[in-house]
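In what follows, a structure is listed as structure tokens, so that the remarks can point back to it.
Numbering (the working numbering), first residue to last: 546 to 791.
Structure, rendered in structure tokens:
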């Protein structure tokens, strides 16, 4: 076999590579990406999300960005493995620092803490554009992220809780819309979730448990009665959301 023929065989093998399945978190993120938009996946790790979206024909082009060289090398390997090098660009970037405003309209920031996600958004003022579509999946500190969004003019348009193994997370889609930011007492805790699915109910129950623990701790300290009353009020509203769904 000639060397050129060998090369063509390798390309053919890569083209026929069986596509992996996304986990539940990334599936939910993928469901919120708009068709035919350029995606920037921040903290891409193995670049699974952009590769999957390209191979499924949802998008035609993506930037897979990560701050660390190790994950980026894994991403580059997978990009070659699935033969999407012309569509997916692996890029070393601290958050959105090396992503230019005109390069992407759908931005996924997933798999990191909510406060870090907020910091990444804060450092990219060009995201305050109605055309930009943020898909955010905090591993921790979701209340802090929601508070940041509402205080800086970002409205949450979609939200879905997702069970992944023993953990339950939230995936939210937000965009800059200062006139429609959420300001309710319960928003930091459950966002715009409704108790209309088992996963959403489980997430709301989790927040109720956390608030109850906070109330118990405040009572034991014997201080901050006003804060106890406020937290009890929020807990009651969350419990009402659950009871209305029964």
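No residue lacks a Cβ here, since even glycine has one placed at the ideal position from N, Cα and C.
Quiz item: Can the beta-carbon of residue 569 be found less than 8 Å from the beta-carbon of residue 708?
Solution: yes
Self-check item: Straight-line Cα distance separating residue 575 from residue 598
Solution: 7 Å
Quiz prompt | Contact the segment 678–687 vs the segment 656–664: 3+ CB pairs below 8 Å | solution = yes
Quiz item: Could you check where the beta strand (DSSP E) with residue 715 kicks off and where it finishes?
Solution: 712–721
Quiz item: From residue 715 to residue 742, what does the alpha carbon distance come to, in whole angstroms?
Solution: 13 Å
Practice problem: Compare the Cα-Cα distances from residue 562 to each of 625, 617, 634, 606 and report the closest residue. | Solution: Between residue 562 and the set 625, 617, 634, 606, the nearest pair of CA atoms involves 625.
Exercise. At 4 residues or longer, and completely inside the segment 597–636: list those alpha helix (DSSP H) runs for me, N to C.
Key: 614–626
Exercise. Under 8 Å by Cβ, that's how I've got residue 620 and residue 590 pegged, so tell me the actual separation to the nearest angstrom.
Key: 7 Å
Quiz item: What do you reckon, are the CB atoms on residue 690 and residue 679 nearer than 8 Å?
Solution: Not in contact: residue 690 and residue 679 (Cβ atoms no closer than 8 Å).
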